[in-house]
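51 is the number that the numbering used here gives to position 57 of the sequence shown; each next residue is one higher, with no gaps.
Note that beta-carbon positions come from the ideal geometry of N, C-alpha and C, so glycine has one too.
Source: prediction; values computed, not measured.
Read the structure below first, then the notes.
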Amino acid sequence: MREAMENISGKEWNNRTNNWSFSNTVYHIIETAEYYHRNTPEGMEWGKRAGFSWTDDSEETILRKLASLTKNDLIEYLDEIEKCISQSLEKSTNEDLFGTDSFNNGKLRIIEKMLYLLRHNMHHIGELNKVLRDTESKRIKWQ
């Protein structure tokens, strides 16, 4: 995803079509990774990193704050979440990964939650790559 962020032009970064934008999708991917990395869904403040509340702010305010996010803002956020997830996975045992936490009332194994997150990210990174192709920007390499 970092490569996609680097390859998109400034013009396309916040271009909004049919209520979709490159930058908002990047934010969504990172924020969702933050959410699923947690041990509990409780306490997650969606939109906080961008400075808004989905429940308290108007749609106009939310869109304005999302549009103000720069590539650097989101690279910093990505770095932070990547570091947290990497550290957590490095110290996780098989027993940990096949255990549960408080997501889905303890019925979802942590490894299942992480696999869901991978599929989620693959879907949205595919969207980012399509925009890169459509705008004749350098596309990302699948790794």
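Here's the rule: buried if 16 or more other CB atoms are within 10 angstroms of the residue's CB, otherwise exposed. What is residue i?
i           : result
residue 92  : exposed
residue 36  : exposed
residue 112 : exposed
residue 138 : Residue numbering for the chain in the displayed model covers -5 to 137; residue 138 lies beyond these limits and cannot be assessed.
residue 98  : exposed
residue 116 : exposed
residue 38  : exposed
residue 80  : exposed
residue 109 : exposed
residue 17  : buried
residue 13  : exposed
residue 15  : buried
residue 66  : exposed
residue 123 : buried
Bridge partners of residue i, per DSSP?
i          : result
residue 64 : Answer by DSSP bridge pairing: none, since residue 64 is not bridged.
residue 94 : 103
residue 11 : 14
Since residue i and residue j are thought to touch, with beta carbons under 8 angstroms apart, how far apart are those beta carbons, to the nearest angstrom?
i          : j          : result
residue 1  : residue 82 : Contact flag wrong, Cβ pair sits at about 29 angstroms.
residue 44 : residue 30 : Going by Cβ atoms, the distance from residue 44 to residue 30 rounds to 18 angstroms, so no, they are not a contact pair.
residue 90 : residue 33 : So it is not a contact: roughly 11 angstroms between Cβ atoms.
Which residue's Cα is closest to the Cα of residue i: the options?
i           : options             : result
residue 41  : 32, 28, 34 and 33   : 28
residue 19  : -5, 101, 73 and 78  : -5
residue 140 : 73, 77 and 46       : Examination of residue 140 is not possible in this model, given that the chain is present from -5 through 137 alone.
residue 68  : 126, 84, 121 and 23 : 23
residue 6   : 134, 136 and 126    : 126
Do the segment 99 to 108 and the segment 39 to 56 touch if we need at least three Cβ pairs shorter than 8 angstroms?
Pairwise C-beta distances place the segment 99 to 108 out of contact with the segment 39 to 56, as fewer than three of them are shorter than 8 angstroms.
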